[in-house]
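Engineer: Chains as they are written, first to last, in the numbering used here: chain A, 1 to 273; chain B, 274 to 618. Can you keep this structure in mind? I'll have questions shortly.
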Amino acid sequence: MIKNPFQPIPAKIIDIIEETPNIRTFVLDLLGADFSFDAGQFVSLTVPGVGEAPFTPSSAPYVKDTIEMTIMKVGKVTSKLFELPIGAFVGIRGPFGKRYPIEKFEGKEVLILGGGVGLAPLRSLFLALCANLEKYKKIFIKYGARTPKDIVYKKQLSEWKNLKGVEVQLTVDNADKGWRGKVGVVTILLDDPKLNNTSEMIAVVCGPPIMMKFGTIKLLEKGFQGQNIYLSMEKNMSCGIGQCGHCRCGQYFVCKDGPVLTWEQIKDIEDPF
Amino acid sequence: MALYFLSRYHLTGWLRKLKEKYQVILPQYYEAKLYYEKLNGENVLSEENFYHALRKIRPANPLKEFFFTPKLKVGGLVENKAVLVPFDDTPRIIIGVKNCDLHGLRVHEKMYLAAEYQDPFHKHERSRTIIISADCPEPEETCFCNLLDLKPYPEIISDIIITPITGGYLFESISRVGEDLIINTDHNFRAATQENIAERAAIRSYALEKLQKINQKSLSVELSEHIKHKTEHEFWQTHALSCVECFGCLLICPTCFCFLLYDVPINDKGFERYKIWDACYYNAYARVGGGANPRAEFGQRFRNRFHCKFMNFYWEHKFYACSGCGRCFAVCMGKIDIRKILVEV
């Protein structure tokens, strides 16, 4: 009998980290299941009796017993998930989709451009890169949030700054009294004289559709090559195996062919974001 | 493999024998319309009805419902244990399948069986089914398989092909399973004559000619490119104007493959997961949890159906995800004729 791709396995919530007022990181115990993922792949998370939604894990792919997902409360499934306490059970299915081809990043400068909760999958990628940090020329993390209180992973971001070969820059759309950093949308961080070898650089982008769109436009203006711009094209991914049709984006099923696609792959699709 | 003849007189006897071993599904009349239906209980339809039904075009319901069930339990978790889904192992035979429905099955094969992840439910339904397809001798006004380079007689996926001819039926065994079914179930089959075979050839020529008369405007050989470049929103909006958004065209389509996974709670102990037919015309179809919808306007969703069937699927598999069966246009309350759009695009 072949494996049933629609059947989830149980997982237990063992910790809930409040990142912002509407974003939490859920730490799941995989209960000894044979389950692993690569950075870039996504997982379908079931809230029992409510439904399923796709999320890209935010934890390091080399950690095997637990998995972390940083989730914003936006719809039916996530609203119910936010009501669950530590100790509750959920279901997971996957992993699905393709991984980041991180071997292609070796010897290069890597720009990680994130917006809002979009930093979650990028954290998983960053942690994967950190396992062999010396292999990459430099890593720039440029991250924007709406307000200072909407910044996720505050503690980790300040720790990552101290890593050799890693540079972290933040901006907020709207500052509050205590904010000393940059103010403006995340694309202003691309006006950085240190980004001077853009035709060779890798850019990895994840954020809301509007940020992805204008981020890509600016990266291209700055000289990044389409095949070096990796975009998280998350759509309504349901089955995860390229059959149900919901995540269709041009000729791709995002769940199977993505969720990360390069600009080169999607540039001919009318309004891909 | 081989060609046989069975007289009209012996047909019902053969069906009765099949029914002893198999669940038999074939086109049957219900209020003057044909439907694929199980042959139930003692009900063995009359040979006259069978002969008549076989000469008609495809039944009203699509063949896909026997392989891609409209609502199917596919799993779940109750008290953290996987919900087991029982499989029906009854062997079955579907008789009278036209080439348009075989083509629909071919599309589903590409989607569910050729992929990296196979659908175990679809695979199981295929494995327990023998397909006896049939010629389509009298195409009707809604038929347009010829525009899509398909023939009004079976070309693929059949175990046996059956053609009603003078005085009986011509049987062509295609697979070993089909050949065994003929030689082992009834001793009334005899070798087909050259006359029988010539009659089938004539029936096929006539059907092709009739289709050519029905559909005189051919489609461009670069249809997928025309659709890709048809970006004017007004074109799609105008054609979608009379659509009442009942989505009957997509649900009855033998090639449409979209489904929705939805969970039903089980007494606070867990949930069962179901797979149900879905349609890309629904507003919420592509909408994400946060509310963003890449195809928020109906015109965009209307166009997506053409992108899916005649562009994206074609690019990947080199044939269209449309069989020309005409069901979409037959059920359409807004009288939207897909052929008109394909010619105009």
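Glycine residues also receive a C-beta, built at the ideal position from the N, C-alpha and C atoms. Keep in mind that this is a model prediction, so the values were computed, not measured.
1) By DSSP's criteria, leucine 615 of chain B is part of a beta bridge. Which residues make up the other side?
2) Could you tell me whether any Cβ in chain B is nearer than 9 Å to the Cβ of glycine 250 of chain A?
3) Check the Cβ-Cβ distances between lysine 220 of chain B and every residue of chain A, and say whether any is below 9 Å.
4) Between the alpha carbons of aspartate 192 of chain A and threonine 198 of chain A, how many angstroms are there, rounded?
5) Would DSSP call glutamine 225 of chain A helix, strand or coil?
6) Once the 5 residues before and after leucine 28 of chain A are set aside, which same chain residues still bring their CB inside 8 Å of it?
7) Would you report the Cα separation of phenylalanine 544 of chain B and valine 347 of chain B, rounded to the nearest angstrom?
8) Counting only C-beta atoms, is asparagine 22 of chain A closer than 9 Å to chain B at any point?
9) Select from the segment 225–239 of chain A all residues with a C-beta closer than 7 Å to any C-beta belonging to chain C, and list them in chain order.
10) Just list the residues that DSSP pairs threonine 402 of chain B with in beta bridges.
11) Can you list, in chain order, the residues of the segment 378–392 of chain B whose Cβ is nearer than 9 Å to any Cβ on chain A?
12) Among B:Cys409, B:Ala388, B:Lys292, which one has its Cα closest to the Cα of arginine 328 of chain B?
13) Is DSSP giving tyrosine 282 of chain B helix, strand or coil here?
14) Identify, in the order they occur along the chain, each residue of the same chain with its Cβ nearer than 7 Å to the Cβ of arginine 463 of chain B, setting aside the five sequence neighbours on each side.
15) Which whole runs of the beta strand (DSSP E) in the segment 72–108 of chain A are 3 residues long or more, in chain order?
16) According to DSSP, is alanine 11 of chain A helix, strand or coil?
17) Got a sec: which bits of the segment 435–460 of chain B sit with their beta carbon under 7 Å from any beta carbon on chain A, in order along the chain?
18) For glutamate 304 of chain B, name the three-state secondary structure that DSSP assigns.
19) Assuming serine 491 of chain B and tyrosine 587 of chain B make a contact with CB atoms under 8 Å, what is their CB distance in whole Å?
20) For isoleucine 266 of chain A, which residues does DSSP report across the bridge?
21) Pull up the distance between the alpha-carbon of threonine 147 of chain A and that of aspartate 176 of chain A, whole angstroms please.
22) Could you tell me the distance, in whole angstroms, from the CA atom of glutamine 467 of chain B to the CA atom of isoleucine 405 of chain B?
23) Cβ of aspartate 459 of chain B within 9 Å of Cβ of histidine 283 of chain B?
24) Going by C-alpha to C-alpha distance, which of B:Ala407, B:Thr511, B:Ile470, B:Cys553 sits closest to phenylalanine 530 of chain B?
25) Cβ atoms of alanine 333 of chain B and tyrosine 308 of chain B: under 9 Å apart, would you say?
26) Can you tell me which of the three DSSP states methionine 584 of chain B falls into?
27) 9 Å is my cut-off, CB to CB: does lysine 3 of chain A come that close to chain B?
28) Hey, how far is the Cα of asparagine 353 of chain B from the Cα of isoleucine 539 of chain B?
29) Which residues bound the beta strand (DSSP E) around lysine 344 of chain B?
30) At the level of alpha carbons, what is the spacing between lysine 311 of chain B and alanine 387 of chain B?
31) Have a look at the DSSP bridge pairing and note the partners of leucine 219 of chain A.
32) How many angstroms separate the CA atom of serine 280 of chain B from the CA atom of isoleucine 455 of chain B?
33) Assign asparagine 488 of chain B to buried or exposed, taking buried as 16 or more other Cβ atoms, counted over all protein chains shown, within 10 Å of its Cβ.
34) Going by the beta-carbon positions, is the gap between leucine 533 of chain B and isoleucine 549 of chain B smaller than 9 Å?
35) Anyone know if the C-beta pair for isoleucine 241 of chain A and glutamate 389 of chain B falls short of 9 Å?
36) Return the residues of the segment 6–19 of chain A that lie within a Cβ-Cβ distance of less than 7 Å from chain B, sorted by chain order.
Structural biologist: Walking through what the data contain:
1) The count along the second sequence starts at 1 and reaches residue 615 of chain B at position 342. In the DSSP output, where bridge partners are listed per residue, leucine 615 of chain B has none listed.
2) Locating residue 250 of chain A in the first sequence gives position 250, counting from the first residue. Yes, its Cβ sits closer than 9 Å to a Cβ of chain B.
3) Because residue 220 of chain B is not part of the residues shown, which for chain B are 274 to 618, the question remains open.
4) As a first step, residue 192 of chain A is located in the first sequence; it is residue number 192 there, counting from the start. As a first step, residue 198 of chain A is located in the first sequence; it is residue number 198 there, counting from the start. Spanning the two alpha carbons is a distance of roughly 11 Å.
5) Start at 1 with the first residue of the first sequence, and residue 225 of chain A comes out as number 225. Glutamine 225 of chain A: coil per DSSP, three-state reduction.
6) Residue mapping note: residue 28 of chain A aligns to position 28 of the first sequence, counting from 1. Ala11, Lys12, Ile13, Ile14, Thr66, Ile67, Glu68, Met69, Val90, Ile92.
7) In the second sequence, the residue the question calls residue 544 of chain B occupies position 271. In the second sequence, the residue the question calls residue 347 of chain B occupies position 74. Cα to Cα, phenylalanine 544 of chain B sits roughly 11 Å from valine 347 of chain B.
8) Along the first sequence, one-based indexing puts residue 22 of chain A at 22. So, not an interface residue.
9) Checking the listed chains, one finds no chain C in this structure; the protein chains it contains are A and B.
10) Position 129 of the second sequence, counting from 1, holds the residue named residue 402 of chain B. DSSP output for threonine 402 of chain B lists B:Arg365 as bridge partner(s).
11) Met384, Tyr385, Ala388, Glu389, Tyr390, Gln391, Asp392
12) For the purposes of this step, residue 328 of chain B is taken as residue 55 along the second sequence, with counting starting at 1. Answer by Cα proximity: B:Cys409.
13) In the second sequence, the residue the question calls residue 282 of chain B occupies position 9. Residue state, collapsed to three classes: helix.
14) As a first step, residue 463 of chain B is located in the second sequence; it is residue number 190 there, counting from the start. Tyr277, Phe278, listed in sequence order.
15) 89–96
16) Locating residue 11 of chain A in the first sequence gives position 11, where the first residue counts as 1. Strand at alanine 11 of chain A.
17) none
18) Taking the second sequence and counting its residues from 1, the one referred to as residue 304 of chain B is at position 31. The answer is coil: DSSP assigns glutamate 304 of chain B none of H, G, I, E or B.
19) One-based indexing of the second sequence puts residue 491 of chain B at position 218. One-based indexing of the second sequence puts residue 587 of chain B at position 314. Going by Cβ atoms, the distance from serine 491 of chain B to tyrosine 587 of chain B rounds to 16 Å, so no, they are not a contact pair.
20) Numbered from its first residue, the first sequence carries residue 266 of chain A at position 266. Beta-bridge pairing links isoleucine 266 of chain A to no other residue.
21) Locating residue 147 of chain A in the first sequence gives position 147, counting from the first residue. Locating residue 176 of chain A in the first sequence gives position 176, counting from the first residue. Taking the straight line joining both Cα atoms gives about 7 Å.
22) Residue numbering aside, residue 467 of chain B sits at position 194 when the second sequence is read from its first letter. Residue numbering aside, residue 405 of chain B sits at position 132 when the second sequence is read from its first letter. Distance between the alpha carbons of glutamine 467 of chain B and isoleucine 405 of chain B: 22 Å.
23) By 1-based counting over the second sequence, the position of residue 459 of chain B is 186. By 1-based counting over the second sequence, the position of residue 283 of chain B is 10. Yes, the pair counts as a contact, with Cβ atoms nearer than the cut-off.
24) Residue mapping note: residue 530 of chain B aligns to position 257 of the second sequence, counting from 1. Checked all of B:Ala407, B:Thr511, B:Ile470, B:Cys553; the closest Cα to phenylalanine 530 of chain B is B:Cys553.
25) Locating residue 308 of chain B in the second sequence gives position 35, counting from the first residue. Locating residue 333 of chain B in the second sequence gives position 60, counting from the first residue. The answer is yes: Cβ separation under 9 Å.
26) Stepping through the second sequence from its first residue, residue 584 of chain B is reached at position 311. Helix at methionine 584 of chain B.
27) Sequence index remark: in the first sequence, residue 3 of chain A carries index 3 (1-based). Closer than 9 Å to some Cβ of chain B, the Cβ of lysine 3 of chain A qualifies, so yes.
28) The residue you call residue 353 of chain B lines up with position 80 of the second sequence. The residue you call residue 539 of chain B lines up with position 266 of the second sequence. Answer to the nearest angstrom: the Cα atoms are 12 Å apart.
29) Taking the second sequence and counting its residues from 1, one reaches residue 344 of chain B at position 71. Run containing lysine 344 of chain B: 344–351, per the beta strand (DSSP E) assignment.
30) Looking up residue 311 of chain B in the second sequence gives position 38. Looking up residue 387 of chain B in the second sequence gives position 114. Taking the straight line from one Cα to the other gives about 29 Å.
31) Along the first sequence, one-based indexing puts residue 219 of chain A at 219. Answer is none; leucine 219 of chain A lacks a bridge partner.
32) As a first step, residue 280 of chain B is located in the second sequence; it is residue number 7 there, counting from the start. As a first step, residue 455 of chain B is located in the second sequence; it is residue number 182 there, counting from the start. Rounded to whole angstroms, serine 280 of chain B to isoleucine 455 of chain B spans 14 Å at the Cα level.
33) Looking up residue 488 of chain B in the second sequence gives position 215. Its Cβ being crowded by 16 or more others within 10 Å, asparagine 488 of chain B is buried.
34) Position 260 of the second sequence, counted from the first residue, corresponds to residue 533 of chain B. Position 276 of the second sequence, counted from the first residue, corresponds to residue 549 of chain B. The answer is yes: Cβ separation under 9 Å.
35) Taking the first residue of the first sequence as position 1, residue 241 of chain A is located at position 241. Taking the first residue of the second sequence as position 1, residue 389 of chain B is located at position 116. Result yes, Cβ atoms of isoleucine 241 of chain A and glutamate 389 of chain B sit closer than 9 Å.
36) Phe6, Gln7, Pro8, Pro10
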